[in-house]
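> Going left to right, the sequence shown walks through residues 1 to 262 as the numbering used here numbers them. Beta carbons are placed, not taken as given, at the ideal position from N, Cα and C, and that holds for glycine. Please find one structure pasted underneath; my questions will follow.
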Amino acid sequence: MTTETSPTTSARPLDGRVAVITGASSGIGEASAEHLASLGAKVAVLARRAERLDDLVARIGKDGGTAVAVAVDVTDAAAVQAAAGRVQAQLGGADLLFNNAGVMLPGPVEELRADQWQQQIDLNISGLMNVIGAFTPQLVRAADERGVADLINTSSSAAQNLYPTFAVYAGTKAFVSHLSKHLRVELGPKKVRVSAIEPGIVGTELQDHVTDPGARDWLEGSKDTVDWLMPDDIARTVGFIASLPLRVNLPQVFIMPTAQPS
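Here is the structure:
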């Protein structure tokens with residue numbers, strides 16, 4: 001009797017795979033690009049800040065990995081389609097997409113910060129869909145040829161839990177989580193594994209963008225009782241999901257700091 005060899009038995013379980021990471025210029029995306037490259041994947045790193053991407057590519061190359069920088073705003077659908085074409089041309093197409101770009105701008109709804117509402121909707125929903133639309137054909141093709149591909153979306157614990165003044169952000173992340181469940185039903189039979197990662201508080205640039213004083217104070221105060229997650233914690237989770245045996249899919253991964261109550 002033969003048994004399937006698990007990819008996790010290899011020191012480089014992602015050898016031969018091509019990973020696309022959005023929001024890769026900092027935080028979770030940056031850490032994930034470095035970690036996936038260390039596991040053997042060729043990585044295409046996407047974000048707006050070209051200089052940071054170039055630095056990331058240089059670090060990955062210095063460590064023996066392969067990386068390509070693609071400066072792109074994911075809210076620009078045409079630019080994302082062009083980026084997908086470049087990944088296809090330079091790396092042969094993606095079989096792992098970590099759809100990670102996003103922004104968090106909490107604030108009381110009665111203050112009518114419509115510009116911040118729209119910014120979160122544009123990036124967390126429309127940008128996410130632009131990337132899915134551009135790269136899903138590559139994932140489906142890769143899965144048909146190689147037997148598996150992965151679509152991993154960054155959601156948030158806010159998709160499930162309730163945080164005052166985070167309503168719009170939480171709504172966008174609830175969209176991500178629910179969308180991921182539906183995409184799994186659609187793409188799973190085509191051997192594309194779909195996962196949503198739902199982290200609690202992670203120490204990234206997201207907190208630096210918060211303008212609401214109440215939300216800033218709440219986040220800062222949480223440091224007294226909660227040891228926040230680090231970007232590398234999420235990066236290692238992404239690597240774990242993608243390294244599982246081909247028959248295994250983790251549709252929803254809820255990750256919390258040990259001391260964060262909700």
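#1: If contact is defined by three or more beta carbon pairs under 8 Å, each pair taking one atom from either stretch, is the stretch 12-27 in contact with the stretch 207-227?
#2: Have a look at the DSSP bridge pairing and note the partners of residue 199.
#3: Near residue 269, what residues of its chain come up, given a Cβ to Cβ distance below 8 Å and the 5 sequence neighbours on each side ignored?
#4: Can you tell me which of 262, 206, 11, 245 puts its alpha carbon nearest to the alpha carbon of residue 123?
#5: Can you list, in chain order, the residues of its chain whose CB lies under 6 Å from that of residue 32, leaving out five sequence neighbours each side?
#6: Taking all protein chains shown into account, decide if residue 65 is buried (16 or more other Cβ within 10 angstroms of its Cβ) or exposed.
#7: Tell me whether residue 193 sits in a helix, a strand or coil according to DSSP, three-state version.
#8: What residue from 70, 197, 169, 19 has the CA that sits closest to residue 177's CA?
#9: What are the residues that DSSP puts in a beta bridge with residue 153?
#10: Using the Cα positions of residue 164 and residue 101, report the straight-line distance between them to the nearest angstrom.
#11: Could you give the distance in angstroms between the alpha-carbon of residue 72 and the alpha-carbon of residue 79?
#12: Between which two residues does the alpha helix (DSSP H) harbouring residue 22 extend?
#13: Hey, residue 23 and residue 75 are a contact pair by Cβ (cut 8 Å); roughly how many whole angstroms apart?
#14: Kindly list the residues whose CB is nearer than 7 Å to the CB of residue 199, restricted to its own chain and excluding five residues on each side of it in sequence; keep chain order.
#15: Measure the C-alpha to C-alpha separation of residue 143 and residue 56 and round it to an integer number of angstroms.
#16: Can you tell me where the alpha helix (DSSP H) with residue 173 in it begins and where it stops?
Reading from the atomic positions:
#1: no
#2: BP columns for residue 199 point to 255.
#3: Since the first and last residues shown for the chain are 1 and 262, residue 269 lies out of range.
#4: 206
#5: 21, 98, 235, 238
#6: buried
#7: strand
#8: Nearest C-alpha to residue 177: 197.
#9: 99, 196
#10: So the two alpha carbons sit approximately 23 Å from each other.
#11: 6 Å
#12: Per DSSP, residue 22 belongs to no alpha helix (DSSP H); it is in the beta strand (DSSP E), 18-22.
#13: With 8 Å as the limit, residue 23 and residue 75 do not qualify as a contact, their Cβ atoms being about 12 Å apart.
#14: Taking C-beta separations shorter than 7 Å and ignoring five residues to either side along the sequence, the partners of residue 199 in its chain run 156, 157, 229, 234, 255, following chain order.
#15: 28 Å
#16: In the DSSP assignment, residue 173 falls within the unbroken alpha helix (DSSP H) covering 167-187.
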